[in-house]
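Student: My questions all concern the structure below.
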Amino acid sequence: MSSPLIDEAEKSETTGGDCLRILTRKDFQSPQTVRWCPGCGDYSILAQIQKILPELGIARENFVFVSGIGCSSRFPYYVNTYGFHGIHGRAPSIATGVKCANPDLSVWVVTGDGDGLSIGTNHVIHTIRRNIDLNILLFNNRIYGLTKGQYSPTSEFGKKTKSSPMGTIEQPIRPIQMALAAEGTFVARTIAADPNHMRQTLEAAANHRGTSFIEILQNCRVFNDRAFEESSAGKDTKDDRILLRHGEPIRFGTGGGRGIAVRNMTPQVVDLESGEASVGELLIHDAQADSPALAALLAALEPPEFPVALGVFRNIERPTYDELMLSQIAASTVQRGRGDVAKLLNSGTTWEVD
Amino acid sequence: MIATGGKELVQVRQATVRFAGDSGDGMQLVGGQFADIASMTGSAICSFPDFPSDIRAPAGTLGGVSGYQLSFGDERVTTPGDAPFVLVAMNPAALKVCLPELQKGGIIIANEDEFTPTNLKKAEYESNPLEDDSLDDYRVICVPMTRLNDEATAASGLSKSQRARCKNFFALGMALWLYDHPLQPLLEWMMRKFQRSAEVMAANAASLRAGHNFANTAELFRVHYQVARAKLPAGRYRRVTGNEALALGCIVGAHRTGRTLVYASYPITPASEVLHELAKHKEFDVRVIQAEDEIAACCAAIGASFAGSVGVTGTSGPGLSLKAEAIGLAVMTELPLVVLNVQRAGPSTGMPTKTEQADLLISMFGRHGESPAVVLAAASAADCFHMAFESVRLATKYMTPVLLLSDSFLANSAEPFRIPDPVSLPDLRTGWDLTPGDFAPYRRASQTLARAWMAPGSPGFEHRIGGLEKEDETGTVSYDGENHAKMVRLRAEKIARIASDIPPVEVVGAEEGDVLVVGWGSTYGAIAAAVEQLHQEGHRVAHLHLRYLNPFPQNFGQTLGRFSRILVVEGNCGQLRMMLRSQFTASFFALNKLDGRPLLIREVRTAIEELLKRE
């Protein structure tokens with residue numbers, strides 16, 4: 001038990017032999033050959049996950065990765081833990097069953113914008129609403145990749161794809177706003193092109209008790225290159241991103257020269273350097289606010305008018321579904337005693353036949 | 001006939017009674033209590049409630065009639081009865097709805113106070129049937145129940161409207177006198193049931209006694225009946241409905257596996273009571289998930305099984321359609337999964353509260369790809385317990401989905417259940433002697449062909465499974481054609497081998513002969529009674545009831561060969577018959593019941609008789 005990264009609370013929860021030695025990234029690499037397209041953002045996400053898992057103080061056998069269908073959903077095959085590659089859209093439901101059966105497990109759902117926001121949207125919403133202690137990684141590349149290039153629920157209005165040659169006629173769904181509407185207790189957005197930010201966000205998610213929902217903006221080199229303009233490598237991104245920090249004024253741009261203020265109930269980009277506004281007027285990020293209203297406002301900021309906000313929108317503490325489930329079981333057991341099959345079968349009106 | 005206090009006591013072997021009234025009249029409650037008393041006095045019983053699907057239809061209307069029918073008597077009672085001999089009608093609508101099924105010469109006990117012009121109009125009567133000659137074929141006993149109940153409960157201190165609610169017990173008191181049943185067990189039950197309110201208890205007890213005394217003294221009742229006792233196997237009994245028994249079977253089955261039960265379900269008629277019952281028993285560490293939909297429920301059960309619990313999901317027809325893809329996932333991942341399907345009349349929303357047996361083929365084949373699964377069917381309410389237990393046994397031993405078919409009739413009907421000694425039930429623990437270095441997720445046990453069930457949390461056994469085709473043994477993803485062919489055959493062979501691990505079929509009646517009636521599920525009682533009658537009358541007929549539909553028991557085909565004609569009786573257009581014709585060569589005939597109601601003894605009898613008359 002020598003890892004300095006394991007804090008006392010987590011130590012007591014680890015079980016099995018593997019926690020006795022320090023795990024490394026290698027322990028989480030499965031023998032399967034990774035088969036995503038060259039340059040796919042999935043590689044970067046996999047690498048960051050394999051980096052943080054050994055540092056969580058959880059024994060390898062207590063991790064479960066569950067996925068649905070799509071490029072992202074191949075993920076479990078590449079992580080050397082327990083894994084379940086489910087059916088399209090249903091990973092959150094399978095994961096719910098896993099977590100309820102054994103709340104000691106660290107459960108991770110890997111899904112995409114098609115899997116998690118189209119065929120399986122309702123499961124994502126209900127999982128978040130229940131606040132089951134698991135982590136949902138939603139890889140958003142705004143396209144159906146595995147089926148070779150149809151528009152997805154997050155594709156921009158008017159986007160031309162194989163199934164929308166004249167452009168889509170649908171408004172995209174906003175994943176963060178959806179998660180906030182479901183009263184998500186941990187809602188974050190990160191970007192595959194920024195490994196450090198992604199790593200910090202994933203660590204924060206892993207340490208949250210309750211459902212952690214992380215939208216990971218990601219490129220699809222083959223079917224939707226430059227899916228997010230901000231993700232294109234080499235570009236100066238300072239003017240296009242807000243990095244959210246709890247308790248701090250919202251600033252962005254080179255040297256933090258610009259910021260977001262709310263005037264007439266609407267957010268506005270203000271220039272601090274020209275004296276258009278002072279720091280005191282800027283919106284201060286509060287990820288711990290009980291109301292998700294501010295988080296929703298930040299989540300709605302979109303290019304070209306606004307930069308994209310990355311980081312943790314909301315991080316609050318509420319009892320988890322699995323805790324509440326176990327506490328009801330414990331209360332019932334105290335009240336009635338541990339289940340006795342003979343007593344159960346003989347309950348109600350009974351009579352004897354000789 | 002024995003004379004008691006000027007009244008005749010007539011011995012009968014069986015009796016069928018129906019209580020009918022408005023949805024709010026408490027008919028289900030008194031019906032259930034009558035069933036308990038009849039059971040305790042040594043009768044076999046079978047009961048069936050018939051309530052409207054509306055939450056509460058307008059009072060007094062035909063759509064709002066709630067009925068509870070039961071048959072009781074000697075051991076030959078296996079159905080709620082084809083036709084009631086006694087009808088307790090609390091209002092004109094109840095009389096109108098139930099009269100067509102009443103035996104000619106039967107008894108109608110009518111609450112004459114409710115036969116008001118308004119209520120008659122609501123029941124669409126043009127004249128009062130108690131006053132015209134329309135009921136001449138029956139013995140009509142008019143009782144002012146509302147008034148007599150009001151008088152009997154006047155001293156209770158309850159309001160008039162509260163007291164009016166006691167009149168179901170007045171009716172019950174009369175019915176108990178009519179069948180020479182004691183009041184004492186019911187009074188004791190009331191002490192427990194209404195212990196929070198002495199006034200309510202006193203009023204109900206007063207009404208019950210008043211009803212009993214009225215029947216005993218009034219000139220209106222000249223005869224009462226003593227029903228034969230049943231020769232049931234010795235033991236302790238309780239009354240169960242099919243849905244209660246499913247829940248109990250799952251709890252006890254999971255308990256015997258030494259694992260947690262996770263029940264994930266979405267509310268649906270007529271399966272919801274299983275969810276309610278299991279939600280009550282958290283002290284057994286039952287983890288109940290009310291999922292957002294049928295698919296989520298099935299997937300959560302599969303996830304729970306992956307994590308080492310006994311994953312069970314429950315539903316009715318429309319839900320089964322939705323679960324199809326997920327059940328296929330359980331076939332591919334070879335995980336235990338129990339799917340309880342309480343069938344109702346379909347297709348689509350169909351008739352949610354009416355019974356049917358038309359989900360056999362979807363259970364067998366309603367998944368894409370070659371997707372074999374175990375299919376079982378419970379024969380009676382009490383049998384739901386045994387088959388739920390059996391479902392858990394087969395699912396966990398063979399690492400397979402098991403679909404257990406019940407139906408709306410079994411779900412709600414009640415019968416005596418001989419309480420098993422839990423210690424006598426099989427130990428369902430499964431274990432694999434494996435070492436971490438030498439583990440492959442799809443390596444199979446040589447006899448059962450089951451793969452090892454290694455749940456997350458076991459160090460050294462980390463593995464990935466999923467819906468993609470698996471390489472034999474290693475379980476890695478494989479698109480190799482020959483491997484796929486092999487895996488398809490292995491999955492089929494695993495299910496086929498279960499035939500040697502289930503009880504052989506039994507034939508009741510003639511060992512060989514002219515007609516063998518083959519049934520499955522809730523048609524059991526009616527077939528058993530009809531075949532017994534005809535066999536007693538000297539016909540060479542027999543009954544074979546299938547509880548295992550996939551695979552069939554090993555001796556099934558050979559048994560069919562002992563009869564010249566096979567009559568397949570089922571609540572659909574011939575689904576089992578289609579399966580039989582594809583596997584066996586015999587002369588198959590059909591009796592198909594499609595009216596949403598439980599099968600009647602006389603329907604089976606007529607079908608057999610017609611077949612016997614043929615060349």
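Line by line, the protein sequences give chains A and B. For what it's worth, the numbering used here labels the leading residue of the first sequence as 1, then goes sequentially. For what it's worth, the numbering used here labels the leading residue of the second sequence as 1, then goes sequentially. Ideal Cβ placement from N, Cα and C applies to all residues, glycine included.
Do A/Gln218 and A/Ala296 come within 8 Å of each other at the CB atom, strictly closer than that value?
Tutor: No; because the gap between Cβ atoms is not below 8 Å, this pair is not in contact.
Student: To test your reading of the DSSP string, which unbroken alpha helix (DSSP H) runs of 4 or more residues are found completely within the stretch 230-279 of chain A?
Tutor: Counting whole runs of 4 or more residues, the stretch 230-279 of chain A contains no alpha helix (DSSP H) stretch at all.
Student: Go through its chain and collect everything with a Cβ distance to B/Leu404's Cβ below 6 Å, but skip five positions before and after it.
Tutor: Within the same chain, B/Leu404 has close Cβ partners Leu340, Leu376, Met387, Ser391.
Student: Grab me the residues of A/Ser163's own chain with a C-beta within less than 7 Å of its C-beta, minus the 5 sequence neighbours each way, in chain order.
Tutor: Same-chain partners within the cutoff: Gln150, Tyr151.
Student: According to DSSP, simplified to helix, strand and coil, what is B/Val97?
Tutor: B/Val97: helix per DSSP, three-state reduction.
Student: Anyone know if the C-beta pair for B/Ser309 and B/Pro270 falls short of 8 Å?
Tutor: Their beta carbons are not under 8 Å apart, which means B/Ser309 does not touch B/Pro270 by this criterion.
Student: From which residue to which residue does the alpha helix (DSSP H) around B/His276 run?
Tutor: Looking at the DSSP string, the run of the alpha helix (DSSP H) that includes B/His276 is 272-279.
Student: Using the Cα positions of A/Asn122 and B/Pro401, report the straight-line distance between them to the nearest angstrom.
Tutor: For A/Asn122 and B/Pro401, the distance between alpha carbons rounds to 25 Å.
Student: How should B/Leu248 be labelled, buried or exposed, when 16 other C-beta atoms within 10 angstroms of its C-beta is the threshold for buried?
Tutor: Result: buried.
Student: Consult DSSP for B/Phe401 and reduce its assignment to one of helix, strand or coil.
Tutor: For the sequence presented, residue 401 of chain B should be read as Pro rather than Phe. Three-state result, B/Pro401: strand.
Student: Would you mind working out which of B/Thr333, B/Phe306, B/Gly157, B/Ala345 sits nearest B/Pro318, comparing C-alpha positions?
Tutor: B/Pro318 has its Cα closest to that of B/Ala345, out of B/Thr333, B/Phe306, B/Gly157, B/Ala345.
Student: Would you tell me roughly how many angstroms separate the C-alpha atoms of A/Val279 and A/Ala261, rounded to the nearest one?
Tutor: Their Cα atoms are separated by approximately 9 Å.
Student: Under the three-state reduction of DSSP, which class applies to B/Val30: helix, strand or coil?
Tutor: B/Val30 falls in the helix class under three-state DSSP.
Student: Return the CA-CA distance between B/Tyr179 and B/Leu70, expressed in angstroms with no decimal places.
Tutor: Taking the straight line from one Cα to the other gives about 13 Å.
Student: May I ask you to list, following chain order, the residues of the stretch 31-43 of chain B that have a beta carbon less than 8 Å from some beta carbon of chain A?
Tutor: The stretch 31-43 of chain B vs chain A, Cβ under 8 Å: Asp36, Ser39, Met40, Gly42.
Student: My understanding is that B/Ser43 touches B/Ser413, with C-beta atoms under 8 Å, so please give their C-beta distance in whole angstroms.
Tutor: Not a contact, Cβ separation roughly 16 Å.
Student: Here's the rule I'm using: 16 or more other beta-carbon atoms within 10 Å means buried, otherwise exposed. How should B/Asn423 be labelled?
Tutor: According to the sequence as given, residue 423 of chain B is Val; it is not Asn. By the neighbour-count rule (16 or more Cβ atoms within 10 Å), B/Val423 is not buried but exposed.
Student: Could you tell me whether the Cβ atoms of B/Trp453 and B/Met399 are closer together than 8 Å?
Tutor: Yes, they are a contact pair.
Student: Short of 9 Å Cβ to Cβ, which residues in the stretch 282-293 of chain B face chain A?
Tutor: Residues Lys282, Glu283, Phe284, Asp285, Val286, Arg287, Val288, Ile289, Ala291, Glu292, Asp293.
Student: By Cβ distance, which residues of its chain are closer than 6 Å to A/Glu281, with the 5 residues on each side in sequence left out?
Tutor: Excluding sequence neighbours, A/Glu281 sits near Ala261.
Student: Can A/Arg258 and A/Val269 be called in contact, C-beta distance under 8 Å?
Tutor: Yes.
Student: Quick check on B/Ala307: buried or exposed, where buried means 16 or more other Cβ atoms within 10 Å of its Cβ?
Tutor: It counts as buried.
Student: According to a CB-to-CB cut-off of less than 8 Å, which residues of the stretch 369-387 of chain B neighbour chain A?
Tutor: Cβ contacts with chain A come from no residue of the stretch 369-387 of chain B.
Student: My guess is that B/Ile618 and B/Val77 are in contact by the Cβ rule of under 8 Å, so how many angstroms apart are they, rounded?
Tutor: The question about residue 618 of chain B has no answer, for chain B in this structure spans 1 to 615.
Student: From B/Lys470 to A/Ala182, what does the alpha carbon distance come to, in whole angstroms?
Tutor: Distance between the alpha carbons of B/Lys470 and A/Ala182 is about 37 Å.
Student: So which of A/Leu180, A/Pro153, A/Lys160, A/Val187 has the shortest CA-CA distance to A/Gln171?
Tutor: If we check each option's Cα against that of A/Gln171, A/Pro153 comes out closest.
Student: Spatial neighbours of B/Ala297 within its chain, please: C-beta separation below 6 Å, excluding the five flanking residues on both sides.
Tutor: If we look at B/Ala297 and ignore the five residues flanking it on each side, its Cβ neighbours are Ala264, Ser265, Tyr266, Ala291, Thr313.
Student: At the level of alpha carbons, what is the spacing between A/Thr211 and B/Ala304?
Tutor: Distance between the alpha carbons of A/Thr211 and B/Ala304: 18 Å.
Student: Just by C-beta distance, which residues in the stretch 307-341 of chain B are closer than 7 Å to chain A?
Tutor: Residues Ala307, Gly308, Ser309, Gly311, Glu325, Ala326, Leu329.
Student: Tell me the DSSP secondary structure of A/Phe63 in three-state form.
Tutor: Correct three-state label for A/Phe63: strand.
Student: Using 8 Å as the threshold, is the C-beta distance between B/Asp25 and B/Asn168 below it?
Tutor: Result yes, Cβ atoms of B/Asp25 and B/Asn168 sit closer than 8 Å.
Student: At least one CB of chain B closer than 8 Å to the CB of A/Cys37: is that the case?
Tutor: Closer than 8 Å: no.
Student: Can the beta-carbon of B/Arg577 be found less than 8 Å from the beta-carbon of B/Phe588?
Tutor: The answer is yes: Cβ separation under 8 Å.
Student: Name the one or two DSSP bridge partners that B/Asn592 has.
Tutor: According to DSSP, B/Asn592 bridges with B/Glu570.
Student: Can you give the Cα-Cα distance for B/Glu610 and B/Val12, rounded to whole angstroms?
Tutor: About 29 Å.
Student: Using the beta-carbon count (16 or more within 10 Å), is A/Asn140 buried or exposed?
Tutor: When all chains shown are included, A/Asn140 counts as buried.
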